[in-house]
Amino acid sequence: MPLGAPTPAPAGFLDLCSRSPDDCAEPGVALSEVRSQAQKLFWASLFDVTSQEPASVSVDGTPDRGPRFSPQFGSPAAEPQRLTRTPRHLAGNPASGSPSSTPVSSAVEPRLILTKADWDRIDGVNRDINRHIRQASDLRQYGVSDYWTEPTGRSPRGDCEDYVIAKRRALIALGYPQSALSIALVVTPWGEDHAVLLMATTQGEVVLDNLAQRIVTWDRTDYTWAKRQEPGRSLAWRSIS
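Note that the sequence shown covers residues 12 to 252 in the working numbering.
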């Protein structure tokens, strides 16, 4: 996926990072620093201050309700962390194999080597969470327009970002590395903003989506891609060119 310029992270994501820095952890960065950085970026976004990173601050008094949604997906893969690291200037479109025209840096991007058992397990996570969470807007549930959290309670409800958080946490709990998972924002063919989870694999970046049961590579969707986390970095977001 060709990446463009740095862009601010979504305010709802930054709020999540402030409330739950574990969800935005980066190697070698203390969680207290993640929270502090997220808060600074959040306030910068409120005052329209140019920033290349994301931020957050918690919605007043919004509690978690009931036990955290954690469906049982079976045992983790024996070695789900198997991955290769491909230089970004060689990591092109998974369909065409051509190199990206806009490499973002000389850093390396983690890509998972997945077995058939891994694919079945990931597909099970995607389908199970899609089936168990019912669609509901943040405004209806929390009284605010944008609040990112994992759905909780006996009948979990949430919007697209909440499905993403639940799937991301479930995959990490099964042993898949956080660095291979990225959140992305898209626009649907009918013009609505939407969030999906990307997983970087040697077969391309695949999309886990609450609007589709089938997992496909990003370039086989009908979405217009807007922005995403920079691969391997939680608090750095890029536009998608």
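Think of the CB as a built atom: it goes at the ideal place given N, C-alpha and C, for glycine as much as any other residue.
Practice problem: Output the distance between the C-alpha atoms of Leu192 and Leu209, rounded to the nearest integer angstrom. | Solution: What you label residue 192 is simply residue 181 of the sequence shown in a count that begins at 1. What you label residue 209 is simply residue 198 of the sequence shown in a count that begins at 1. The alpha-carbon atoms of Leu192 and Leu209 are separated by roughly 6 Å.
Quiz item: Taking just the CA atoms, how far does Thr232 sit from Gln189?
Solution: Here the question's residue 189 lines up with position 178 in the sequence shown. Here the question's residue 232 lines up with position 221 in the sequence shown. Each residue's alpha carbon lies about 23 Å from the other.
Self-check item: Three-way DSSP call (helix, strand, coil) for Ser5 in this model
Solution: Lying before the first or after the last residue shown, residue 5 is absent from the chain, which here runs from 12 to 252.
Quiz item: Going by the beta-carbon positions, is the gap between Val197 and Ala247 smaller than 7 Å?
Solution: Looking up residue 197 in the sequence shown gives position 186. Looking up residue 247 in the sequence shown gives position 236. 7 Å or more divides the Cβ of Val197 from the Cβ of Ala247.
Self-check item: Cβ-Cβ distance between Thr199 and Val217 below 7 Å
Solution: Counting from 1 along the sequence shown, the entry for residue 199 is found at position 188. Counting from 1 along the sequence shown, the entry for residue 217 is found at position 206. Against a cut-off of 7 Å, the Cβ pair of Val217 and Thr199 comes out as no contact.
Quiz prompt | Residue range of the unbroken alpha helix (DSSP H) whose run includes Trp236 | solution = Here residue 236 refers to the residue found at position 225 when the sequence shown is read from its first residue. It is not in any alpha helix (DSSP H) - Trp236 instead sits in the beta strand (DSSP E) that spans Thr235 to Gln240.
Quiz prompt | 7 Å CB neighbourhood of Glu203 in its chain, flanking five on each side removed | solution = In the sequence shown, counting from the first residue as 1, residue 203 sits at position 192. Cβ contact annotation for Glu203 (same chain, cutoff 7 Å, sequence separation greater than five): none.
Practice problem: Return the bridge partner residues of Thr212 from the DSSP annotation. | Solution: Taking the sequence shown and counting its residues from 1, one reaches residue 212 at position 201. Within the DSSP secondary-structure output, Thr212 pairs in a beta bridge with Leu123 and Gly215.
Quiz item: From the DSSP output, which residues share a beta bridge with Gln146?
Solution: Here residue 146 corresponds to residue number 135 of the sequence shown, with the count starting at 1. Looking at the DSSP assignment, Gln146 forms a beta bridge with Gly169.
Quiz item: Around the Cβ of Ala106, are there at least 16 other Cβ atoms within 10 angstroms (buried) or fewer (exposed)?
Solution: Stepping through the sequence shown from its first residue, residue 106 is reached at position 95. Residue placement at Ala106 cannot be trusted, given a pLDDT of 35 that sits under 50; the coordinates are not used to answer.
Quiz item: Three-state secondary structure (DSSP) at Trp130?
Solution: The residue you call residue 130 lines up with position 119 of the sequence shown. Reduced to three states, the DSSP call for Trp130 is helix.
Quiz item: Are the CB atoms of Val175 and Ala206 nearer to each other than 7 Å?
Solution: For the purposes of this step, residue 175 is taken as residue 164 along the sequence shown, with counting starting at 1. For the purposes of this step, residue 206 is taken as residue 195 along the sequence shown, with counting starting at 1. Going by C-beta atoms, Val175 is nearer than 7 Å to Ala206.
Practice problem: Rank Asp149, Thr126 and Arg165 by C-alpha distance to the C-alpha of Tyr158 and give the top, closest one. | Solution: Against the sequence shown, residue 158 aligns to sequence position 147. The option with the nearest alpha carbon to Tyr158 is Asp149.
Practice problem: Note down the Cα distance separating Asp134 from Gln48, rounded to an integer number of angstroms. | Solution: Numbered from 1 along the sequence shown, position 123 holds the residue referred to as residue 134. Numbered from 1 along the sequence shown, position 37 holds the residue referred to as residue 48. For Asp134 and Gln48, the distance between alpha carbons rounds to 34 Å.
Quiz prompt | Residue span of the beta strand (DSSP E) that contains Ala16, given as start and end | solution = For the purposes of this step, residue 16 is taken as the residue at position 5 of the sequence shown. Looking at the DSSP string, the run of the beta strand (DSSP E) that includes Ala16 is Leu14 to Pro17.
Quiz item: Glu241: buried (16+ other C-beta within 10 angstroms of its C-beta) or exposed?
Solution: Here residue 241 is taken as the residue at index 230 of the sequence shown, counted from 1. The residue is buried, with at least 16 neighbouring Cβ atoms inside 10 Å.
Quiz prompt | Three-way DSSP call (helix, strand, coil) for Leu192 in this model | solution = Your numbering for residue 192 matches position 181 in the sequence shown. Looking at Leu192 - three-state DSSP - the assignment turns out to be strand.
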